[in-house]
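Take a look at the structure below.
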Amino acid sequence: MSEAIKQLAVRTALELGAGAVRVTSARADEESRRRMQAAFARRDFLCWSFDDEYARRATDPGELCAGARSVLCIALPYNTPAPRTAPLRGRVSNYAWSADYHRRLRALLDAVAHAIDEAVGRRVTTVACDTRPLAERALAARAGLGWIGKHTNLISPGLGSFVFLGEVVTTLELPPDEPIAKSCGSCARCVEACPTQALRGDYTIDANRCISDLTQRTSAIPAAMRPLIGDWVWGCDICQIVCPPTRDAGPLGAARWGPVDLEAGRPALVDLLRLRSSGFKRTFRPTAMGWRGAAVLRRNAAVALGNALDRSTVAPLVESLCRDPHPMVRGHAAWALGRIGSPAALAALRRQANEEPSDEVRAEISMALQPFQSNAGVCSTG
Ligand code: B12
Ligand code: SF4
Ligand code: SF4
6 MSEAIKQLAV RTALELGAGA VRVTSARADE ESRRRMQAAF ARRDFLCWSF
56 DDEYARRATD PGELCAGARS VLCIALPYNT PAPRTAPLRG RVSNYAWSAD
106 YHRRLRALLD AVAHAIDEAV GRRVTTVACD TRPLAERALA ARAGLGWIGK
156 HTNLISPGLG SFVFLGEVVT TLELPPDEPI AKSCGSCARC VEACPTQALR
206 GDYTIDANRC ISDLTQRTSA IPAAMRPLIG DWVWGCDICQ IVCPPTRDAG
256 PLGAARWGPV DLEAGRPALV DLLRLRSSGF KRTFRPTAMG WRGAAVLRRN
306 AAVALGNALD RSTVAPLVES LCRDPHPMVR GHAAWALGRI GSPAALAALR
356 RQANEEPSDE VRAEISMALQ PFQSNAGVCS TG
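Just remember that the numbering used here sits 5 ahead of the position in the sequence shown, which is counted from 1.
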């Protein structure tokens, strides 16, 4: 019976687009808990409210579903070809440019759970994907869905790491699968390619340095990290693009995982800097970029423009410095103008230093002007 239920669940998931499905027992996982606690003790995830209690709950599926005995772990490939690059357009991670994956993955998981419940004749399932406290990668590795690479993502054989993970936790005892005995060996391409040195090479990450974290946080991006972000405006795929199993797998995502439109996949940076609520609702709200609001995207556009160093963008950056309703965006626009450092950019910064009401933004303006301080006298007399 339990083998038949497992096969039914696997078949249902594969029919709905899953790339692989494996089963593990729902026992609490001491090793993962220790690894997580060690990561939190190193303060690797400062923007997340992770603590020992989170680690305990996340490594015990029984916390999600009383009496849980098994977990079906599902990998859903999402990689689609990237839109063509063009000057002054930002880069978005391929996980975020389509209609929000949470809803679609949730629908798949619900369908699998429903198939199981119906076959058994009662409710025996709970689903999880991304947002619930569950160590999804560790569970998936234990189920043999793949192995955890030095970039800390789960790599599934033949699929690579561009896969979303989702789980159906059940009180049924299903036949478990075996973990895959595999590691990265001497490869360290992701570690070498990471522009911010977030990856340590020992299968751990300092998430505070990860571009994905930096572009999704709601607080200011530390000034030292801004130049390392390049043209990314949401997420980052570099460590996975260079990863051989992921590169070899290629773009396996179904067409529906493609960009909602060009603006979602490669947003024009100046338009993104001017993004207001109607444009946000139209283009970004339906995607996984929708959860942090428009100001975070405008801030990220300012950083990318500060890295593009194109004088044609000084006017919109000045407009943002003077008029953006959000102090964080005005502050990052100040930084971008300081990076460009043209006479018009510096003049606007000096003017605004006296007009700006926020202490935080005035501090950004003064930091942006600092490298030019000795030249300031020369300009004003010359
Ligand atoms: C917080 C979070 C982030 C944070 C922190 C990332 C991180 N590395 O933990 C930030 C914002 C940086 C982030 C970025 C991304 N994320 Co994210 N994120 C999460 C979230 C919500 C929690 C992760 C977490 O608890 N981290 C804390 C660490 C300590 O735990 P952990 O990584 O889960 O597990 C570790 C331990 O279990 C331990 N471990 C346990 N057993 C074993 C055994 C061995 C042998 C080894 C080596 C290790 C090991 O190692 C694991 C890996 O470090 C999960 C969803 C979820 N609920 O799990 C998605 C999730 C991990 N993210 C996902 C994705 C897609 C991304 C991005 C690719 C998005 C992007 N392109 O920008 C990047 C990848 C960046 C990177 N290199 O990790 C996917 C990953 C899919 C996959 N194939 O692995 C998840 C699973 C969401 C989902 N449901 O699909 N994310
Ligand atoms: S997602 Fe980007 S910044 Fe984060 S670890 Fe990978 S390469 Fe580094
Ligand atoms: S790039 Fe190499 S080291 Fe990094 S996760 Fe992939 S296989 Fe492992």
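We put the beta carbon where it would ideally sit given N, CA and C, even for glycine.
Subject >> Boundaries of the beta strand (DSSP E) in which C78 is found, first to last residue >> reply: S75 to P82
**OP:** Confirm the yes/no value for this check: CB of A143, any heavy atom of ligand 1, distance under 7 Å.
**Re:** yes
**OP:** Under 7 Å Cβ to Cβ from D105, same chain only, skipping five residues before and after it: list those, please.
**Re:** P291, T292, A293 and G295
Subject >> Check: L177 C-beta below 7 Å from any heavy atom of ligand 2 >> reply: no
**OP:** Kindly identify the DSSP beta-bridge partner or partners of G171.
**Re:** I79
Original post:
When DSSP labels each residue in this structure, what does I210 get in the three-state scheme?
Top reply: strand
Subject >> Residues that S161 bridges to, as DSSP identifies them >> reply: G165
Original post:
Does the segment 16-32 touch the segment 134-152, meaning 3 or more C-beta pairs lie closer than 8 Å?
Top reply: yes
Original post:
Exposed or buried, E361, counting other C-beta atoms within 10 Å across all chains shown (16 or more means buried)?
Top reply: buried
Original post:
Measuring from the CB of I226, is there a heavy atom of ligand 1 at a distance below 7 Å?
Top reply: no
Subject >> Nearest candidate by alpha-carbon position, reference G255, set W237, F167 and A341 >> reply: F167
Original post:
From E58 to S325, what does the alpha carbon distance come to, in whole angstroms?
Top reply: 42 Å
Subject >> Proximity below 8 Å, CB of K11 to CB of P180 >> reply: yes
Subject >> beta strand (DSSP E) segment containing S30, residue limits >> reply: A25 to S30
**OP:** Flag this pair as yes or no: are the beta carbons of A193 and K155 separated by less than 8 Å?
**Re:** yes
Subject >> Nearest candidate by alpha-carbon position, reference T136, set G126, A71, E123 and F55 >> reply: F55
Original post:
If we ignore side chains and look at the alpha-carbon of each, how far apart do E123 and V117 end up?
Top reply: 10 Å
**OP:** Starting from the C-beta of R222, find all residues in its chain whose C-beta is less than 7 Å away, skip the five residues before and the five after it, and write them out in chain order.
**Re:** C52
**OP:** Return the chain-ordered list of same chain residues with a C-beta closer than 6 Å to the C-beta of W262, the five sequence neighbours on each side being excluded.
**Re:** Y83, T85 and S103
Original post:
Hey, out of E141, N158 and R303, whose CA is closest to D207's CA?
Top reply: N158
**OP:** Return the Cβ separation of G126 and A225 in integer angstroms, given the expectation that the two are a contact with Cβ distance under 8 Å.
**Re:** 54 Å between Cβ atoms; not a contact.
Original post:
Which parts of the segment 89-168 are runs of the beta strand (DSSP E), unbroken and 3 residues or longer, counting only runs that do not cross its ends?
Top reply: 130-133
**OP:** Check whether the Cβ of P200 lies closer than 7 Å to any heavy atom of ligand 2, and answer yes or no.
**Re:** yes
Original post:
C189: beta carbon under 7 Å from a heavy atom of ligand 4?
Top reply: For the structure depicted, ligand 4 is absent and the ligand set comprises only ligand 1, ligand 2 and ligand 3.
**OP:** Mark A18 as exposed unless 16 or more other C-beta atoms lie within 10 angstroms of its C-beta, in which case mark it buried.
**Re:** buried
Subject >> Same chain only: Cβ atoms within 8 Å of R367, ignoring 5 sequence neighbours per side >> reply: A358 and E361
Subject >> Three-state secondary structure (DSSP) of V247 >> reply: coil
Subject >> Boundaries (first-last residue) of the beta strand (DSSP E) holding W239 >> reply: W237 to W239
**OP:** Measure the alpha-carbon distance for R32 versus E178 and round it to whole angstroms.
**Re:** 11 Å
**OP:** Decide yes or no for the touch test of the segment 304-318 against the segment 337-346: beta carbon pairs closer than 8 Å, at least 3 of them.
**Re:** yes
Original post:
Can the beta-carbon of L77 be found less than 8 Å from the beta-carbon of F169?
Top reply: no
Original post:
Using DSSP with H/G/I as helix, E/B as strand and the rest coil, what is L314?
Top reply: coil
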